[in-house]
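Protein chains in written order, with full-length UniProt numbering: chain A, 1 to 348; chain B, 1 to 348; chain C, 1 to 348; chain D, 1 to 348. Each residue gets a CB set at the ideal place from its N, CA and C atoms; glycine is no exception. Keep in mind the model is a prediction, meaning the values are calculated, not measured. What follows is a set of notes on a single structure, which appears directly below.
There are 4 protein chains.
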Amino acid sequence: MAARPDLEIIEYRPEPDEYAWTFGGAAPVRRLAPGTVVECWTEDCFAGKVRSTDDLSTVVCEYPHFNPQTGPFWVEGAEPGDTVAVHFVSIEPARDWAASTTVPLFGALTATHLTAMLHEPLPEVVWIWRLDRDARTCRFEARDGSWGVDLPMDPMHGTLGVAPANLEVRSALVPDAFGGNMDTPELRAGVTCYLGVNVPGALLSLGDGHARQGEGETCGVAVECAMDTVFVVDLIKGVPCPWPRLESDTHLMSTGSARPLEDAFRIAQADMVGWVSGEFGLSPLDAYQLISQAVESPIANVVDTNYTSVAKMAKRWLPPRDAMDGTHRRLAAVAEAYRASGRRAAGG
Amino acid sequence: MAARPDLEIIEYRPEPDEYAWTFGGAAPVRRLAPGTVVECWTEDCFAGKVRSTDDLSTVVCEYPHFNPQTGPFWVEGAEPGDTVAVHFVSIEPARDWAASTTVPLFGALTATHLTAMLHEPLPEVVWIWRLDRDARTCRFEARDGSWGVDLPMDPMHGTLGVAPANLEVRSALVPDAFGGNMDTPELRAGVTCYLGVNVPGALLSLGDGHARQGEGETCGVAVECAMDTVFVVDLIKGVPCPWPRLESDTHLMSTGSARPLEDAFRIAQADMVGWVSGEFGLSPLDAYQLISQAVESPIANVVDTNYTSVAKMAKRWLPPRDAMDGTHRRLAAVAEAYRASGRRAAGG
Amino acid sequence: MAARPDLEIIEYRPEPDEYAWTFGGAAPVRRLAPGTVVECWTEDCFAGKVRSTDDLSTVVCEYPHFNPQTGPFWVEGAEPGDTVAVHFVSIEPARDWAASTTVPLFGALTATHLTAMLHEPLPEVVWIWRLDRDARTCRFEARDGSWGVDLPMDPMHGTLGVAPANLEVRSALVPDAFGGNMDTPELRAGVTCYLGVNVPGALLSLGDGHARQGEGETCGVAVECAMDTVFVVDLIKGVPCPWPRLESDTHLMSTGSARPLEDAFRIAQADMVGWVSGEFGLSPLDAYQLISQAVESPIANVVDTNYTSVAKMAKRWLPPRDAMDGTHRRLAAVAEAYRASGRRAAGG
Amino acid sequence: MAARPDLEIIEYRPEPDEYAWTFGGAAPVRRLAPGTVVECWTEDCFAGKVRSTDDLSTVVCEYPHFNPQTGPFWVEGAEPGDTVAVHFVSIEPARDWAASTTVPLFGALTATHLTAMLHEPLPEVVWIWRLDRDARTCRFEARDGSWGVDLPMDPMHGTLGVAPANLEVRSALVPDAFGGNMDTPELRAGVTCYLGVNVPGALLSLGDGHARQGEGETCGVAVECAMDTVFVVDLIKGVPCPWPRLESDTHLMSTGSARPLEDAFRIAQADMVGWVSGEFGLSPLDAYQLISQAVESPIANVVDTNYTSVAKMAKRWLPPRDAMDGTHRRLAAVAEAYRASGRRAAGG
């Protein structure tokens, strides 16, 4: 079946010299009208250079060429004060393997450049994970000994963002108010991400596909793989979004990225209080109380330049209203139409 | 049906003058042989004094008389270097209401005595939650406006611990290596908690029942209620436990309590690496990698004197071995025998 | 010359079995009337067991027997809500050597039990410092190589406190609102320390003499030595003191002890704003502004269970009033009378 | 007297449309050969718009136009891996007044955008300080009441930096490894600052003059004024500098900028351990011990996007060697020659 005539679809697969390594500071690669479906491909965070257990990232990669982004996309009509919405139709591993590794002086359980100590770095070890895209599994094989196990595949993007405010250009390794390297497993297919616009055109990019990751990304690196990803973009005029928010069919989520981790937690929870009191008619203190008893608070990462915390509220426990101008519902319908068009198999 | 003859069962309901307000420093109220089933009752964190929206905790309660504990129990044979295991058979609200409140200068989204600022405190507001023990729901009613919602009941103990090390006596409001006021929703019926013993007899206490709470306990107070609780106690000789660990039928969990929150996260994750490499045969770096991709990291509290973070690993993703000497399996069997005895309805 | 007849003087030198290892939880060794001069002796933080570079603290010392305190002293008339004042007449090294060491998993530049990591501990190395009490110097000798240098002697007590609030007993290694192991070089002779009283009699102890230390006590251990110390105690009835405050002839100082370090900073600075606006007639915002431009903020320690920060304001930049009921001036006069009595040489 | 013929002197006073608002991302305004003396002028952090107590910064200023920088200067020959040295000959207030203010949701004792809370912001109040450049004083006048006091003038630059690494462009409000808005009172005349070069030409800028500030810059704003500043620039080829270092005639200083504040402390102290062991011949553990007992640790700021901590070691306690290739001594001689030339009065 052909795509429905009213679906605007764009395909984009960057060449290696087209990757963006920053949020802000890169020229747009495509212009997107709100409502457009984008079929794109993203390279892994090692630029595809860690392919075996012999490929140490400190040898085969070179700063600052970590975490290549696909984009930026110019969203037509986007101006500071608006919000861009990105709905993920599908996120599918583009290879049958993925890589993970320890990185010297990076990760939650090691001294780092910011948590500076006198220890020698931990050893650098690479794991290659086998992905079974039919069985939807990621296979871990121990490097010491022969034990292995299949974990469920749960593909996501570690990185999604727009150009920052305040004239800044940030490394694609950074999560902050503009989004970026948030590394939350909640950013999966079926979810809409809201990002406040800081510059004309928003300049949206994404990358850092993970076949799966634990909450906190403890060693600093997930099950990193290239992705075939389909998303729909939309624009909410005149509605700001101070920190990235996510919406699924069942949940609202606010994110905060800061150090120390309690500040990331505070941002996410305070934004959720503001969201619930602003859009659902509860007073701020009633929202504070309800959230205190109902919120899930999955940690995203405790390893990046800023740590990321998520506040997650079930919609069924809130007054029955649409948030963010009903954008998630509208984009989910576009995703459904796209899937019905048969252009790409959803979920693979 | 009568209790099985081999079940040792003790009932204990403290009078108000028998509460313990500290971990350590209180005389034991009962002696428990390992394997004993204890049927007990715990008062809520306000000592039952906040009963209506007019009962401000700053008026009706008086420092240090917050968070009364039931206990301490002397565990026979417990010596420093051993581990006490507590398996929760059931945790059931003892009243059909529960209380929550904002507390001036306490909570995650307010200045506090430790995060000192020049702001006036937030207003003190009380919410009384209605508990429907048959429907298993907790009803929130907004204080401003008429909206209300039923949340699932998910009873748990905010506080469980033993006497601390280093000759200390700690307020029952504190979570630390001895357990205490961890405020994690993971401490529910069906779960075994492991606590390292610091003094002869361990001096185990528990309290701070919550009909439910969100992850992080954002406003500082959960849905606080008195509890009828049944637990089995056991002793693992010669096995230390540096930080409280939890085990359910499906998961292993490590906890860390510290500030800043990333240190609590680090403790829990590092303990899980040590647990998995120590008891399941993976090398430390293989454990680090597997945990990084598989762990859930539910935040417990970001409001107490120490913040608490949990690292949660599904057992099905680990080599098929029993942890902690098979204690959880053994205690779950005792719980099953107890339930079969018909002495108290399980789950209510 | 004999002591003035109106000077009440008490001598106290504890036997090893009389040391206190905690704040709170120890029976008083002496009763002191306000105004009493105490001539005492304190052992070093290793209980005198680290005497050569071969004496590793992990071998010769045993938990919890670190940081022995001299006391507690019962201050007559002290009740919760009062403030005890301790003025140091002299603090003099009692030996001609002092010890320092790295301690595995302790210090600012190493993984610790709270900042948990997967690194091996740093090596344990002991330095013995030679003290020249006439030249007022401490001699550092490198362990690797032959270089050495004389640093100025600047004797101080790392630990001074009263029994905690909330029924607690805390290890002598902990700094908190009750004082304790603050490890600030500002606690030297000529300084008055104010401590809020939490229990009848206050239960004042002191120890942890340092011939000198850097700001932050980076490796976790100062130039540790036994001390001959003379202090005057006083009581300010009906005046609370939420966090330890210090006063010298020239400065007012507030301390905060917490984690993360910014919370310790906030406590100290907010207390100084409260002190200056409460006792010197400035509005809180004027005090905030003046302090922002005038304060010195010497870090005390970044290694203990809580980190300690000091806010230090020159008196000459404040309206000319006496703080804390003129206690410092009054105690300095007692100190002068004591020195005039010739009982002990001041400053040695 | 004319300048010595061998002194290369450049004057530069930016027009308002020439200010840089970022580190990185701005075109160089002048090229400087190593050894050049620059006579420049910097505007205050409010771009000169807060001139009376009626000028609220939230009204008269507009994001992102805070903290204008003079520069960037292209340092000839500078390449990544080199170090640029900036020696301050003089820093003199360019006006007879300076401004300070509280800023809503900014400062150490208030909720902020990163330490998010539910409090209303503190009031916005402006103070205008009178500067007496002959008497070398800054006059504080209370806004509430009539009290005032003269504080010593101690002029400094809050902001000095080079273009960041990793392709980034950072707001001039940010301190980080590239320098930037460190806000340390140690950056005064007579001091040399070392900055690692990240991009060709280094792209050096400076601004944010303070007539004085307290340690920590508690309310977030110092005594802000335009400055007439003279500096000498130099280049140290092939010597990297991972974090900004300072050198005076008497002290070596390392800086760290991060959150939480203990991480800033760790960076500065670990860099000092590396500096002393790398350039002065002590082993790392001997350096750790010596620094632990000798270091001063003045806090710089606890208010900016990153907090800044300084580790300060007296040179007289180190082996008698020149650090950083003798650059400070060499630049101090150039400064002396400049002063001898009579072009501008030193110190005013």
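Three-state secondary structure assigned by DSSP to residue i
i, result
"Val223(D)", "coil"
"Glu336(C)", "helix"
"Pro93(D)", "strand"
"Leu331(A)", "helix"
"Ala202(C)", "coil"
"Ser341(A)", "helix"
"Gly347(A)", "Because Gly347(A) carries a pLDDT of 42, less than 50, the predicted location of this residue cannot be relied on, and no value is offered for it."
"Arg321(A)", "coil"
"Ala3(B)", "The predicted model places Ala3(B) with a pLDDT of 45, which falls under 50 and marks its position as unreliable; any figure quoted below should be read in that light. Coil."
"Lys237(C)", "coil"
"Pro16(D)", "helix"
"Ser292(B)", "helix"
"Tyr307(A)", "strand"
"Gly326(D)", "helix"
Selected residue, minimal CA-CA separation from residue i, among the options
i, options, result
"Glu11(D)", "Gly24(D), Pro68(D), Phe73(D)", "Phe73(D)"
"Gly328(A)", "Cys138(A), Ala287(A), Ile236(A)", "Correcting the residue identity first, residue 328(A) is His in this sequence and not Gly. Measuring from the Cα of His328(A), the nearest candidate turns out to be Ile236(A)."
"Val89(A)", "Arg31(A), Asp249(A), Gly145(A)", "Asp249(A)"
"Ile128(B)", "Pro68(B), Phe46(B), Gly71(B)", "Phe46(B)"
"Thr229(C)", "His119(C), His87(C), Gly25(C)", "His87(C)"
"Pro14(B)", "His65(B), Val37(B), Thr70(B)", "Thr70(B)"
"Arg133(C)", "Thr110(C), Ala98(C), Pro242(C)", "Ala98(C)"
"Leu114(C)", "Arg143(B), Pro242(B), Val276(B), Arg339(B)", "Pro242(B)"
"Ala211(C)", "Ala85(C), Ala222(C), Ser205(C)", "Ala222(C)"
"Ala258(A)", "Gln289(A), Cys193(A), Asp176(A), Val295(A)", "Asp176(A)"
"Glu39(A)", "Asp82(A), Glu92(A), Leu290(A), Leu56(A)", "Glu92(A)"
Residues that residue i contacts on chain D, provided the C-beta gap is smaller than 8 Å
i, result
"His113(B)", "Result: empty, since nearest Cβ-Cβ is about 13 Å, beyond 8 Å."
Closer than 7 Å at the beta carbon, the chain C residues around residue i
i, result
"Glu262(D)", "Pro260, Leu261, Val302, Tyr307"
Contact set between residue i and chain C, taken where Cβ atoms lie within less than 9 Å
i, result
"Trp317(D)", "Phe140, Val149, Asp150, Leu151"
"Phe66(D)", "Near Phe66(D) there are no residues of chain C at all, since even the closest Cβ is about 18 Å away, more than 9 Å."
"Arg95(D)", "By Cβ distance, chain C contributes nothing, its closest Cβ being about 17 Å from Arg95(D), past 9 Å."
is_contact[residue i, chain F] using C-beta, thresh 8 Å
i, result
"Trp21(D)", "Checking the listed chains, one finds no chain F in this structure; the protein chains it contains are A, B, C and D."
Amino acids of chain B, ordered along the chain, whose beta-carbon sits closer than 8 Å to that of residue i
i, result
"residue 354(A)", "A query on residue 354(A) cannot be resolved here, the shown segment of chain A reaching from 1 to 348 and no further."
Chain B residues whose Cβ lies nearer than 7 Å to that of residue i
i, result
"Asp286(A)", "Ala142, Arg143, Asp144"
Residue i CB to nearest heavy atom of the ligand SAM below 7 Å
i, result
"Ala135(A)", "What this structure holds is no ligand at all, so the ligand SAM is not there to describe."
Under 9 Å by beta carbon: chain B residues contacting residue i
i, result
"Ile10(A)", "Result: empty, since nearest Cβ-Cβ is about 33 Å, beyond 9 Å."
Cross-chain neighbours of residue i in chain D, by beta carbon under 7 Å
i, result
"Ser171(A)", "Asn166, Leu167, Glu168"
With a floor of 3 residues, list each beta strand (DSSP E) that falls wholly inside the segment 167–198 of chain D, ordered by position along the chain.
With a minimum length of 3 residues, the continuous beta strand (DSSP E) runs that stay inside the segment 167–198 of chain D are 192–196.
Entirely enclosed beta strand (DSSP E) segments - the segment 249–290 of chain A, minimum 3 residues
As for any beta strand (DSSP E) of minimum length 3 sitting wholly inside the segment 249–290 of chain A, the runs are 251–258, ordered along the chain.
Ordered list of beta strand (DSSP E) runs contained in the segment 50–82 of chain C, each at least 3 residues
You should have 69–75.
Closer than 7 Å, Cβ to Cβ, to anything on chain C: give me those residues from the segment 209–220 of chain D, in chain order.
Cβ contacts with chain C come from Arg212, Gln213, Gly214, Glu215, Gly216, Glu217, Thr218, Cys219.
Closer than 7 Å, Cβ to Cβ, to anything on chain D: give me those residues from the segment 101–132 of chain A, in chain order.
Near chain D, meaning a CB-to-CB distance below 7 Å, the residues of the segment 101–132 of chain A are Leu114, Thr115, Ala116, Met117, Leu118.
Run through the segment 80–158 of chain C for me and flag every whole alpha helix (DSSP H) of 4 or more residues, listed as ranges in chain order.
No alpha helix (DSSP H) of 4 residues or more sits fully in the segment 80–158 of chain C.
Which residues, taken in chain order from the segment 190–207 of chain B, show a beta carbon closer than 7 Å to some beta carbon of chain C?
Of all residues in the segment 190–207 of chain B, none has a Cβ within less than 7 Å of some Cβ in chain C.
Under 8 Å, CB to CB, which of the residues in the segment 13–45 of chain B have a partner in chain C?
Within the segment 13–45 of chain B, the residues whose Cβ lies closer than 8 Å to some Cβ of chain C are Trp21, Thr22, Gly24, Gly25, listed in chain order.
Counting only Cβ-Cβ distances shorter than 8 Å, please list the residues of the segment 268–284 of chain D near chain C, keeping chain order.
When C-beta distances to chain C are compared with 8 Å, the residues of the segment 268–284 of chain D below that value are Gln269, Ala270, Val273, Gly281, Leu282, Ser283, in chain order.
Between the segment 157–169 of chain D and chain A, which residues of the former have a C-beta closer than 8 Å to a C-beta of the latter?
Within the segment 157–169 of chain D, contact with chain A at the beta-carbon level (separation under 8 Å) is assigned to Ala165, Asn166, Leu167, Glu168, Val169.
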